[in-house]
Amino acid sequence: MSYPTPHINATPADFGQTVLMPGDPLRSKYIAEHFLENPVLVNNVRGVQGYTGLYKGVRVSVMASGMGMPSIGIYSRELFENYDVRNIMRIGSAGAIQPDINLKDIVMAMGASMDSNYQEQFHLMGTFAPICSFEMLRAASTAAEELGAVYHVGNILSSDFFYDDDEGVPDALNPKKNWQKMGIMAIEMESAALYLNAARFRKNALCICTVSDQIIRREYLSAEERQTGFEQMMRVALETAVKLER
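Written as structure tokens, this is what we have:
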């Protein structure tokens with residue numbers, strides 16, 4: 061085990077067994093300051109803030125992942141491989157593409173489809189299906205029910221594209237329409253890479269996202285709501301971390 065790494069200036073002792081990973085460093089800071097007892101800044105390389113503190117007596121870490129599969133791929137791999145972190149939970153935002161999923165609902169990714177080549181590095185002779193940890197999913201769904209959160213479980217799409225140039229594309233060739241008809245709940249940009257790394261290193265991963273965009277109805281949360289308005293999801297994630305220690 062080699063540390064510090066190029067992206068994390070810490071030791072394994074600095075992290076809890078469960079790390080929550082929002083994309084935004086400011087969201088990481090917000091969670092640490094508003095939910096953790098005695099949070100300590102354990103990483104700030106490139107401004108990617110990581111904190112460790114206590115939540116209901118359980119040691120929990122929260123560290124940003126940045127945006128996209130390449131970024132979370134770096135941080136999750138280093139945490140799994142070099143820092144012996146056992147569980148990583150992505151907590152972020154997603155755009156719903158099913159009409160029955162609304163703004164501020166929570167989606168839990170049982171599976172993560174993708175339009176990326178991230179899995180090519182593993183030299184698999186076929187197509188791997190990235191899935192979450194059932195232990196983490198069970199704990200998160202129980203936590204959501206206890207907190208009265210509206211949540212949906214199923215398949216999401218991890219995409220390399222935030223802006224996709226589908227202007228003028230007929231419905232039959234429109235990627236969102238085709239993913240929608242396959243039952244994909246929502247689109248985000250990180251989870252498939254996280255799930256692939258967890259599989260590679262025999263660790264646990266889960267993505268839970270708050271719906272920030274209802275793509276079908278063109279409804280959107282503001283930038284401020286995206287940064288600080290996801291408190292119910294944050295509480296679900298923290299309660300999940302506690303359940304994983306029991």
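Letter by letter, the sequence shown follows residues 61 to 306 in the numbering used here. Every residue, glycine too, gets a C-beta built ideally from N, C-alpha and C.
Go to residue i, then tell me how far its alpha helix (DSSP H) extends in each direction, as first and last residue.
i	result
residue 251	251-260
residue 304	291-304
residue 240	235-241
residue 85	85-95
Looking at residue i: is its Cβ nearer than 7 Å to the Cβ of residue j?
i	j	result
residue 171	residue 238	no
residue 301	residue 120	yes
residue 85	residue 124	yes
residue 146	residue 77	yes
residue 148	residue 249	no
residue 236	residue 161	no
residue 246	residue 155	yes
Work out the CA separation of residue j and residue i for me, nearest whole Å.
i	j	result
residue 244	residue 196	20 Å
residue 143	residue 69	11 Å
residue 189	residue 263	16 Å
residue 65	residue 88	20 Å
residue 140	residue 230	42 Å
Note the first and the last residue of the continuous beta strand (DSSP E) segment covering residue i.
i	result
residue 66	Neither: residue 66 is in no beta strand (DSSP E) and is coded neither H nor E.
residue 133	It is not in any beta strand (DSSP E) - residue 133 instead sits in the alpha helix (DSSP H) that spans 129-141.
Pull up the DSSP beta-bridge partners for residue i, would you.
i	result
residue 218	174 and 248
If you measure from the beta carbon of residue i to each beta carbon in chain B, is any gap under 7 Å?
i	result
residue 270	Protein chains in the displayed structure number just one, and chain B is not present.
Buried or exposed, going by whether 16 or more other CB atoms sit within 10 Å of the CB of residue i?
i	result
residue 112	buried
residue 71	exposed
residue 212	buried
residue 137	buried
residue 109	buried
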